[in-house]
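Enquirer:
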Amino acid sequence: QQQVKQSPQSLIVQKGGISIINCAYENTAFDYFPWYQQFPGKGPALLIAIRPDVSEKKEGRFTISFNKSAKQFSLHIMDSQPGDSATYFCAASIEASGSRLTFGEGTQLTVNP
Amino acid sequence: ETGVTQTPRHLVMGMTNKKSLKCEQHLGHNAMYWYKQSAKKPLELMFVYNFKEQTENNSVPSRFSPECPNSSHLFLHLHTLQPEDSALYLCASSQGAGRETQYFGPGTRLLVL
Numbered sequence: 004q005q006q007v008k009q010s011p012q013s014l015i016v017q018k019g020g021i022s023i024i025n026c027a028y029e030n031t032a033f034d035y036f037p038w039y040q041q042f043p044g045k046g047p048a049l050l051i052a053i054r055p056d057v058s059e060k061k062e063g064r065f066t067i068s069f070n071k072s073a074k075q076f077s078l079h080i081m082d083s084q085p086g087d088s089a090t091y092f093c094a095a096s097i098e099a100s101g102s103r104l105t106f107g108e109g110t111q112l113t114v115n116p
Numbered sequence: 067e068t069g070v071t072q073t074p075r076h077l078v079m080g081m082t083n084k085k086s087l088k089c090e091q092h093l094g095h096n097a098m099y100w101y102k103q104s105a106k107k108p109l110e111l112m113f114v115y116n117f118k119e120q121t122e123n124n125s126v127p128s129r130f131s132p133e134c135p136n137s138s139h140l141f142l143h144l145h146t147l148q149p150e151d152s153a154l155y156l157c158a159s160s161q162g163a164g165r166e167t168q169y170f171g172p173g174t175r176l177l178v179l
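Chains S and A are the protein sequences, given in the same order. Residue numbers for the first sequence follow the numbering used here, beginning at 4 and rising by one. Residue numbers for the second sequence follow the numbering used here, beginning at 67 and rising by one.
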């Protein structure tokens with residue numbers, strides 16, 4: 004199974020709040036989990052990524068939490084800002100598959116001022 | 067120009083037309099990709115080129131024909147498309163065709179009438 008399931012489809016958060024986006028996967032061979040951020044009119048851009056040997060990775064206000072046993076990982080955006088309003092995609096890949104990324108369906112985040 | 071550029075940004079074509087999408091990367095990368103992005107669906111990898119050679123064709127219909135004359139340029143030739151082919155077509159590049167970060171262009175919004 005190559006799918007990555009992402010939820011919610013859309014999310015509205017107040018400025019200063021915490022945004023949480025979740026992803027679940029089935030294929031236990033996945034060993035790299037990046038998150039991409041896409042603004043309107045732009046292509047996706049790598050935001051942060053994690054490997055399954057750690058349970059959490061933090062970069063500024065963005066944190067990935069990884070639960071290997073549950074086959075789930077999530078993106079937390081602390082102190083959400085209107086400038087964070089974008090579509091977020093989780094993805095997963097297997098080293099043996101090289102550059103092939105399996106993407107989630109995307110979450111449209113809106114941060115209200 | 068910097069990064070990955072795509073032209074045209076918008077394209078409307080009839081089902082009997084022939085058109086081409088162009089992608090150029092200014093990053094000195096060796097691998098280039100075509101993706102299809104449809105609303106509320108995961109990004110779909112279409113083609114991968116590494117050092118001008120096609121390394122992956124993700125069961126894409128023959129009405130889509132890629133061309134990679136050099137490592138900096140990638141084309142997607144379109145002919146006899148169907149309305150369901152309407153989508154955002156994204157080009158990406160990376161240093162190599164392994165786990166390197168993929169850098170996306172802004173995409174071409176295609177509408178097939």
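Think of the CB as a built atom: it goes at the ideal place given N, C-alpha and C, for glycine as much as any other residue.
For Leu147/A, decide whether its Cβ has a neighbour in chain S, counting only Cβ atoms nearer than 8 Å.
Expert: No, no contact with chain S.
Enquirer: Can you check the region 104-165 of chain A for any beta strand (DSSP E) of at least 3 residues that lies completely inside it and give the ranges in chain order?
Expert: With a minimum length of 3 residues, the continuous beta strand (DSSP E) runs that stay inside the region 104-165 of chain A are 110-116, 119-123, 130-136, 139-145, 153-160.
Enquirer: So, helix, strand or coil for Glu98/S, using DSSP?
Expert: Helix.
Enquirer: How is the beta strand (DSSP E) around Thr113/S delimited, first residue to last?
Expert: 110-115 is the span of the beta strand (DSSP E), which, as asked, contains Thr113/S.
Enquirer: Assuming Ser58/S and Ser68/S form a contact by the criterion Cβ under 8 Å, report the distance between their Cβ atoms to the nearest whole angstrom.
Expert: Indeed they touch by this definition, with Cβ atoms about 7 Å apart.
Enquirer: Can you round the beta-carbon distance between Thr121/A and His92/A to whole angstroms, since I take them to be within the 8 Å contact cut?
Expert: Thr121/A to His92/A, Cβ: 22 Å. No contact.
Enquirer: For the pair the region 89-106 of chain S and the region 21-37 of chain S, tell me if three or more CB-CB distances fall below 8 Å.
Expert: At 8 Å Cβ cutoff, the stretches touch.
Enquirer: So, do the region 152-167 of chain A and the region 95-102 of chain A have three or more beta carbon pairs nearer to each other than 8 Å?
Expert: Yes, since at least three Cβ pairs between the region 152-167 of chain A and the region 95-102 of chain A fall closer than 8 Å, the two stretches touch.
Enquirer: Would you list, in chain order, the members of the region 109-139 of chain A that have their beta-carbon closer than 9 Å to a beta-carbon of chain S?
Expert: Correct list: Leu109, Glu110, Leu111, Val114, Asn116, Thr121, Glu122, Asn124.
Enquirer: Per DSSP, what kind of secondary structure is Pro37/S in: helix, strand or coil?
Expert: DSSP places Pro37/S in strand when its eight states are reduced to three.
Enquirer: Which residues, in chain order, does the region 32-50 of chain S contribute to contact with chain A at a C-beta distance below 9 Å?
Expert: Listed by position along the chain: Tyr35, Pro37, Tyr39, Gln41, Gly44, Lys45, Gly46, Pro47, Ala48, Leu49.
Enquirer: Which residues of chain S have a Cβ atom closer than 9 Å to the Cβ of Lys106/A, listed in chain order?
Expert: Result: Gln12, Glu108, Gly109.
Enquirer: Between the region 169-177 of chain A and the region 72-80 of chain A, do three or more beta carbon pairs fall short of 8 Å?
Expert: Contact holds: three or more Cβ-Cβ distances are below 8 Å.
Enquirer: Secondary structure at Gln4/S, three-state DSSP: helix, strand or coil?
Expert: With a pLDDT of only 49 at Gln4/S, under 50, the local geometry of the prediction cannot be trusted, and the value read off the model is given with reservation. If DSSP states are grouped into helix, strand and coil, Gln4/S belongs with coil.
Enquirer: On a Cα-Cα basis, can you pick out the residue from His95/A, Gln168/A, Leu142/A that is closest to Leu77/A?
Expert: Of the listed residues, the one whose Cα sits closest to Leu77/A is Leu142/A.
Enquirer: Mind checking whether Gly107/S and Cys26/S have CB atoms under 8 Å apart?
Expert: Result yes, Cβ atoms of Gly107/S and Cys26/S sit closer than 8 Å.
Enquirer: Output yes if chain A places a C-beta closer than 8 Å to the C-beta of Ser102/S; else output no.
Expert: Yes, Ser102/S lies at the interface with chain A (some Cβ there is under 8 Å from its Cβ).
Enquirer: Measure the alpha-carbon distance for Gly164/A versus Glu90/A and round it to whole angstroms.
Expert: In a straight line, the C-alpha of Gly164/A is about 20 Å away from that of Glu90/A.
Enquirer: What's the C-alpha gap between Pro149/A and Met81/A?
Expert: Using only the alpha carbons, I get a separation of about 8 Å.
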